[in-house]
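Comments concern the structure below.
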Amino acid sequence: MKFCGLCDQPIQDGEENTTHDKPSASGAGTAVYRHVALCKRVPTQTAQASPRH
Ligand SMILES: [Zn+2]
Numbered sequence: 001m002k003f004c005g006l007c008d009q010p011i012q013d014g015e016e017n018t019t020h021d022k023p024s025a026s027g028a029g030t031a032v033y034r035h036v037a038l039c040k041r042v043p044t045q046t047a048q049a050s051p052r053h
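The working numbering applies: residue 1 is where the sequence shown begins, and numbers increase by one.
Right, dumping it as structure tokens:
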């Protein structure tokens with residue numbers, strides 16, 4: 001099973017997808033798959049709310 005590197009959803013068999021080589025500094029690069037159709041990027045859960053007093 002491939003997973004889309006953009007939306008983090010599984011890419012079904014037969015579903016169009018593209019392969020991106022993701023070079024890694026620590027060794028061998030890994031292949032990243034992406035849907036051909038536009039998909040939603042996973043929202044990053046970055047807590048930017050820094051309480052100020
Ligand atoms: Zn996707």
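Don't be surprised by glycine CBs; every beta carbon is placed ideally from N, CA and C. Small disclaimer: the values here were computed from a predicted structure and weren't measured.
Worksheet item: Between Arg52 and ligand 1, is the CB less than 7 Å from at least one heavy atom?
Response: no
Item to complete: For His20, verify whether its CB is less than 7 Å away from any heavy atom of ligand 1.
Response: no
Worksheet item: Tell me the DSSP bridge mates of Asp21?
Response: Ala31
Worksheet item: According to DSSP, is Lys40 helix, strand or coil?
Response: Coil, per DSSP.
Worksheet item: From Gln12 to Met1, what distance separates their C-alpha atoms?
Response: 7 Å
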